[in-house]
Amino acid sequence: MKVAVAGCCHGALDKMYETLELLQRRHNVRPDLLLCCGDFQAVRNEADLRCMAVPAKYRHMQTFYRYYSGEKKAPVLTVFIGGNHEASNHLQELPYGGWVAPNIYYLGYAGVVRFRGVRIGGISGIFKSHDYRKGHFECPPYNQQTIRSAYHVRNIEVFKLKQLKHPMDIFMSHDWPRSIYHYGNKKQLLKMKSFFRQEVESNTLGSPAASELLQHLKPNYWFSAHLHVKFAAFMQHETKSKEELPKATKFLALDKCLPHRDFLQIIDIEHDPTAGDSLEYDAEWIAVLKATNSLISVTQSSWNMPENNGLHAKWDYSVTEEAIKEVLEELNHNLKIPCNFTLTAACYDPSKPQKNMEPVHTINPQTTEFCAQFGLTDINNRIQQVKEEGSVRGEYEEEEEEMDSSGSAEEPSEYNTDNSGLSSINPDEIMLDDEGGDEDLSTCSVDPSPDHPPEFSASFSDIRIMPDSMAVSSDDAMDSTNEELEKSGVNKQVEEKSLNERPLKRVSGGENGNSGIKIKRRNQAIYAAEDEEETK
1 MKVAVAGCCH GALDKMYETL ELLQRRHNVR PDLLLCCGDF QAVRNEADLR
51 CMAVPAKYRH MQTFYRYYSG EKKAPVLTVF IGGNHEASNH LQELPYGGWV
101 APNIYYLGYA GVVRFRGVRI GGISGIFKSH DYRKGHFECP PYNQQTIRSA
151 YHVRNIEVFK LKQLKHPMDI FMSHDWPRSI YHYGNKKQLL KMKSFFRQEV
201 ESNTLGSPAA SELLQHLKPN YWFSAHLHVK FAAFMQHETK SKEELPKATK
251 FLALDKCLPH RDFLQIIDIE HDPTAGDSLE YDAEWIAVLK ATNSLISVTQ
301 SSWNMPENNG LHAKWDYSVT EEAIKEVLEE LNHNLKIPCN FTLTAACYDP
351 SKPQKNMEPV HTINPQTTEF CAQFGLTDIN NRIQQVKEEG SVRGEYEEEE
401 EEMDSSGSAE EPSEYNTDNS GLSSINPDEI MLDDEGGDED LSTCSVDPSP
451 DHPPEFSASF SDIRIMPDSM AVSSDDAMDS TNEELEKSGV NKQVEEKSLN
501 ERPLKRVSGG ENGNSGIKIK RRNQAIYAAE DEEETK
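Pasting the structure below:
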């Protein structure tokens, strides 16, 4: 079957689906499934905008609300993970995954599903070591710390995924697995994104947690986004024994969803022709959720997952074939995920904007039903219970007063670095620290994107067809990978201009540009890139 893979969507659903329709008209290619690797921005209303960790200038309604309200329907089944620019209050309603709109499915904090026999897994968010060992304690209304920590990967999700034994076909993460750049055209990557050099050379670019999962799961394909650059790699995994068959992973990172960007990839995936067209639960994953349910935490206290170090009575939570069989019997061997999407918030109405709408902590009926069916803890219900007891809110508010936003009050993480996979000077990424991350969260814009998106016929460079082989063997041979990808599609527009060619933008100082002006190279590049895109 044909699978379309998209990078950071940033709420531009109309653009994404129209590009797929254009692909069908021009090349007679119709994807059976669309995967999105984070920054999906499922924003339903003005309250959701307040829960998105971006500067005020980037808080735009975009077009998801039209699919949420039922005004439009996704033309292809869409499965996505969360990134670091999301309506966190909306996605938090579905910690185990669920429908955010008809035909659009969120995988949850971590999740595994099946479609036409293809096993698809993913983990949402980005890695930050200071939050990695905490529970999922955040809930709206968020403060300046929790609006960010809400999308940080937690060790329990990685632990759950590491209990899986059955083969994985596709896996998605928002940030890249650390070290993956050593298995692709590193020279070309640094030519396109020279500001990655220091982190690449020090091997600190990317997520160590994702790297750990990559080595454990060994999926056939791994897709990521986040860094707003297209990059391919081929990783041959080491075998642990002579009996183990060799495994390799084809890695692909996608660009962001913008006109004249190469943000979509089409690949052919072997599937089960006898399988139905419905999205299905994965029986092993459900069994793992049941086995690890007792490990769930909703406090910000840090702790490590069980391991074989003499401190834990049990450390192996992988499941037996018998446990998987029990799940199948519970479901009467019907693994189809119910189409039980439910509206849980008012939908944005362009004719009646509500700029003062406040976010609330919501229990989603989909999660309630899922937890009841499999005997799992509803994380949001647990948070509300603890809040009512008065223990959590008082506890973490006191701790937040004593610690800075980097989480310096807690014990060291098992990972000794704190890189999220985002270069500190990536001009294509939205930066929070210097761009209003500590501003009033009530500030937002409710102007939707234009009803008539750019005409794409003039330059059809948004889609690439994946070649049959992406194989490369060493850093010395990596040039062939990206060259082959470039030859496989339509000529690509020039993505970036030299930072030195972009006009400087003043971020402080007098109105007339007198003394005291401070130019931040990172922010200057961000604004220049945004202004350039808006004029196209």
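All residue numbers in the sequence shown are consecutive under UniProt numbering, ending with 536. All residues carry an ideal CB built from backbone N, CA and C; glycine is no exception.
Provide the residue span of the beta strand (DSSP E) that contains M235, from first to last.
231-236
Could you check whether the segment 18-37 touches the segment 169-184, counting it as contact only if at least three pairs of C-beta atoms, one from each stretch, sit closer than 8 Å?
yes
Can you give me the C-alpha to C-alpha distance between D434 and A283, rounded to a whole angstrom?
Annotation note: pLDDT 36 at D434 (below 50); position unreliable, coordinate value reported separately. Cα to Cα, the separation comes out at about 45 Å.
Please report the distance separating the alpha-carbon of A110 from that of G97.
8 Å
Check whether the Cβ atoms of V79 and I123 lie closer than 8 Å to each other.
Taking 8 Å as the Cβ cut-off, V79 and I123 do not qualify as a contacting pair.
Thinking just about the alpha-carbon of each residue, which of H90, K73, E321 is nearest to the one in I81?
Considering only alpha carbons, the answer is H90.
Between which two residues does the beta strand (DSSP E) holding E322 run?
First-last for E322: 321-330, but that is the alpha helix (DSSP H), not the beta strand (DSSP E).
Relative to the C-alpha of Y317, which residue among P273, T342, K290, N309 is closest?
The residue among P273, T342, K290, N309 with its C-alpha nearest the C-alpha of Y317 is K290.
Give the DSSP-derived three-state secondary structure of N482 in the structure shown.
Confidence at N482 is low in this model, with a pLDDT of 42, below 50, so the placement of that residue is unreliable and no value is reported for it.
In the structure shown, what three-state DSSP assignment does E243 receive?
Here E243 sits in coil by DSSP.
Provide the residue span of the beta strand (DSSP E) that contains D268, from first to last.
264-268
Buried or exposed: where does L264 fall if 16 or more other Cβ atoms within 10 Å of its Cβ makes it buried?
buried
Tell me whether F195 sits in a helix, a strand or coil according to DSSP, three-state version.
helix
Using the Cα positions of L217 and L161, report the straight-line distance between them to the nearest angstrom.
8 Å
Between the C-alpha atoms of V113 and M235, what's the straight-line distance to the nearest angstrom?
24 Å
Along the chain, where does the beta strand (DSSP E) that runs through S224 open and close?
221-224
CB H65 to CB V43, shorter than 8 Å?
With the sequence shown as reference, residue 65 is identified as Tyr, and His is not the correct amino acid for it. In contact: Y65 and V43 (Cβ atoms closer than 8 Å).
Between the segment 337-345 and the segment 363-381, do three or more beta carbon pairs fall short of 8 Å?
Remark: three or more beta-carbon pairs, one from each stretch, lie closer than 8 Å, so the segment 337-345 and the segment 363-381 are flagged as touching.
Would you kindly work out how many angstroms separate the C-alpha atoms of Q145 and F137, rounded to a whole number?
12 Å
According to the Cβ coordinates, are G7 and C257 closer than 8 Å?
yes
DSSP three-state call for M305: helix, strand or coil?
coil
Can you tell me whether DSSP reads S459 as helix, strand or coil?
Legend: pLDDT at S459 = 33, less than 50; position of this residue unreliable, no value from coordinates given.
Do the segment 197-212 and the segment 235-246 touch if we need at least three Cβ pairs shorter than 8 Å?
no
Along the chain, which unbroken stretches of the beta strand (DSSP E) at least 3 residues long are found entirely within the segment 132-181?
170-173
Roughly how many whole angstroms lie between the Cα atoms of N416 and V229?
Confidence at N416 is low in this model, with a pLDDT of 49, below 50, so its placement is unreliable and no value can be given for it.
Contact defined as beta carbons within less than 8 Å: I believe T249 pairs with N293. What is the distance between those atoms, to the nearest angstrom?
By a beta-carbon distance limit of 8 Å, T249 does not contact N293. Their separation comes to about 30 Å.
Based on Cα-Cα distance, which residue from S88, P102, R59 lies nearest to P75?
P102
Does the separation of the CB atoms of N45 and Y281 fall below 8 Å?
no
For residue 585, does the count of other Cβ atoms within 10 angstroms reach 16, so buried, or fall short, so exposed?
Residue 585 is absent from the structure shown; the chain starts at 1 and stops at 536.
Run through the segment 353-385 for me and flag every whole beta strand (DSSP E) of 3 or more residues, listed as ranges in chain order.
none
Got a sec, what are the start and stop residues for the alpha helix (DSSP H) L22 sits in?
13-27
Work out the CA separation of W176 and A253 for me, nearest whole Å.
Distance from the CA of A253 to the CA of W176, rounded to the nearest whole angstrom, comes to 8 Å.
Using three-state DSSP, classify E402 as helix, strand or coil.
The pLDDT assigned to E402 is 40, lower than 50, so where the model puts this residue is not dependable, and the model offers no usable value.
Output the boundary residues of the alpha helix (DSSP H) element that contains R59.
Per DSSP, R59 belongs to no alpha helix (DSSP H) and is neither H nor E.
Over what stretch of residues does the beta strand (DSSP E) that includes K250 continue unbroken?
248-253
Excluding the five sequence neighbours on either side, which residues of its own chain have a C-beta within less than 6 Å of the C-beta of K134, listed in chain order?
For K134, where only same-chain residues beyond five positions count, the Cβ hits under 6 Å are Q300, S302.
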